[in-house]
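If you use mature numbering (1 follows the signal peptide of the UniProt record, and there is no 0), the sequence shown corresponds to residues -21 to -1, 1 to 301, in order. From the three backbone atoms N, C-alpha and C, an ideal C-beta is built for every residue, glycine too. What you are looking at is a predicted structure, and each value in this text was computed from that prediction instead of being measured. Heads up: the structure comes next, in structure tokens.
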Amino acid sequence: MFGTRVIFTLVSTAFAVTTAATDFSTLPVFFFHGVTGNHSNADNFVANLTADGRNVVPLSFCETTCSLEAIVLQVPKAIAQGGAVSCAVIEEMDDHKIKRYISTAGLQNGQFIGPDKVEISIKNDGPFLTKLVPETMFNYSAYGPEDYYGKMQKDYVIYTIENPDAQYTYSQFNVNRWPQFGSFSTANFFLPVYNNVNRCLPGDDQCIYDQHRRKANFLKLEEAHFFASPADERIMPWQSSIFGCYSEVDTIEEIEIKFMNLTIVNMNDTLEYTSDTFGLKTLDERSGLRWRTSRTSAGVVMTATASGSRSTTTTCTRCCTK
């Protein structure tokens, strides 16, 4: 549903702090596999890039089932879940030198099985969903085809709200962007935070400071490129790869009742863009934001610039044009 790949390209501080005209073709490449993947997913990248004289390092420290762990625990390590983790890593690293970020079919704005392509989810996603969350927590296999039209999604949201500790168990709980904003913005501990739509209570100066800090870190990017494809049958909706999402409902019950009325909200009309919560609009106004749709689906690619130990996982790129 959201298998992605990430490539980090690293350069020295001297290059990172100079000009956007850096020759990225000379940089070493670090490959981050996607959910349930492993380092062998980089084989084609390794073959093609080493043939061009590039150094390629496929990372292997959180493979297969390890990548299903909670994303809130993966971000500090910058592992797995390519698209979802990469942006969060950029926002969290105050010392990053990333200049260009490129994402192809990355899970940027969460996952929600809505009316668009629901029949494909009914046909293909059952076995996959059961791998993401154990049935002792949420039993996807207990739901039939008719339940994909809102009931299963509503029940999953209720379980998430009633079991907040689930946010620290499996990544599926972190990437679920359900269309009832009030509960989503408080019960999901990952997406609302890095989209900077999490609620800061009066007097919570640390929360407000962190929101400003994350936005400032994102805006250190000179360019961000995003690819998406209508052919993507894992990321739902596929527009999530370019920060789209489903329209909102007023109550959790309406997730089921008004399921077929849900429509796609394109990036430019989302709260994140219109309110510039973490910098998308500012980057766009600086002519640094690019996105493109493609007929075919792909993985997630990222290029980064940094120096030093921890900084070496700082820069990310995702390729697209508007």
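Taking the alpha-carbon of residue i as reference, which of the options has the nearest alpha-carbon?
i, options, result
"I234", "K76, A30 and P94", "P94"
"C179", "Q190, Y173, L170 and F169", "Q190"
"F160", "P181, A145, C224 and I101", "C224"
"E232", "G62, S19, W157 and G267", "W157"
"Y252", "V176, G62, N103 and K96", "V176"
Rounded to whole angstroms, what is the Cα-Cα separation between residue i and residue j?
i, j, result
"Q185", "F222", "27 Å"
"D248", "N196", "23 Å"
"S204", "L241", "One detail in the question is off: residue 204 reads as His in this sequence, not Ser. Whole-angstrom Cα-Cα distance: 27 Å."
"T115", "R269", "42 Å"
"S273", "T109", "29 Å"
"I92", "V35", "35 Å"
"I236", "K199", "42 Å"
"S120", "V228", "26 Å"
"residue 373", "F168", "Residue 373 lies beyond the residue range present for the chain, which begins at -21 and ends at 301; the question has no answer from this structure."
"Y255", "W217", "According to the sequence shown, residue 255 is Asp rather than Tyr. Each residue's alpha carbon lies about 22 Å from the other."
"I140", "T230", "13 Å"
"N17", "V25", "14 Å"
"A166", "D22", "38 Å"
"N88", "V154", "8 Å"
"V112", "A49", "11 Å"
"A84", "N20", "15 Å"
"G278", "F10", "Caution is warranted here: a pLDDT of 41 is assigned to G278, below 50, making its placement in the model unreliable, and the coordinate value is therefore given only provisionally. So the two alpha carbons sit approximately 11 Å from each other."
"S164", "A145", "16 Å"
"A210", "K96", "10 Å"
To the nearest whole angstrom, what separates the beta carbons of residue i and residue j, a pair I think is in contact under 8 Å?
i, j, result
"R79", "E202", "5 Å"
"F257", "S82", "Not quite, the Cβ-Cβ distance comes to about 15 Å (not below 8 Å), so this is no contact."
"L86", "G62", "5 Å"
So, helix, strand or coil for residue i, using DSSP?
i, result
"P37", "strand"
"Q90", "strand"
"I101", "helix"
"S208", "coil"
"C179", "coil"
"R193", "helix"
Within 10 angstroms of the Cβ of residue i, are there 16 or more other Cβ atoms? Answer buried if so, exposed if not.
i, result
"R192", "exposed"
"Y173", "buried"
"I214", "buried"
"S220", "buried"
"Y188", "exposed"
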